[in-house]
Amino acid sequence: MAIDATTLNALLVEGQAACEAGAGNILTAIRPHFPGLTITQCPSSDVTETPFQTGSHFDIHLVDTRNHCWALTDSADDATAVLLAMHGRPS
Numbered sequence: 290m291a292i293d294a295t296t297l298n299a300l301l302v303e304g305q306a307a308c309e310a311g312a313g314n315i316l317t318a319i320r321p322h323f324p325g326l327t328i329t330q331c332p333s334s335d336v337t338e339t340p341f342q343t344g345s346h347f348d349i350h351l352v353d354t355r356n357h358c359w360a361l362t363d364s365a366d367d368a369t370a371v372l373l374a375m376h377g378r379p380s
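Numbering (our numbering), first residue to last: 290 to 380.
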């Protein structure tokens, strides 16, 4: 299941808005807007790969979950989940 550009842009917008509104937990705030999409998070310092998209509060990394182990990917066609690498604040 590929993740399309419209979904990724909406995720960035919704996530940034949740962070700016002071959402206590970004995942709780945005998951209802993206049913069926696996979204997880970690501190940005835990990820050394180049993000697919960068925002002011987090970077978006694409994840391929089709195999037993998850793997970051730069291909939206191979992406089945999203990792939010948070900048400077736990959520």
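Glycine included, C-beta positions come from ideal geometry on N, C-alpha and C.
| Item | Value |
| --- | --- |
| How about Leu373 and Gln342: do their beta carbons lie closer than 8 Å? | no |
| Counting C-beta neighbours from all protein chains within 10 Å, is the total for Ala291 16 or more, i.e. buried, or is it exposed? | exposed |
| At least one CB of chain D closer than 8 Å to the CB of Leu300: is that the case? | Any reference to chain D falls outside this structure, which holds one protein chain only. |
| Name, in chain order, the residues that DSSP records as bridge partners for Ala360. | Asp353 |
| From the DSSP output, in three-state form, read off Thr337 for me. | coil |
| Which of helix, strand or coil does DSSP assign to Leu297? | helix |
| With a CB to CB cut of under 8 Å and the five nearest residues on each side skipped, what residues in its chain are close to Asp366? | Ala291 |
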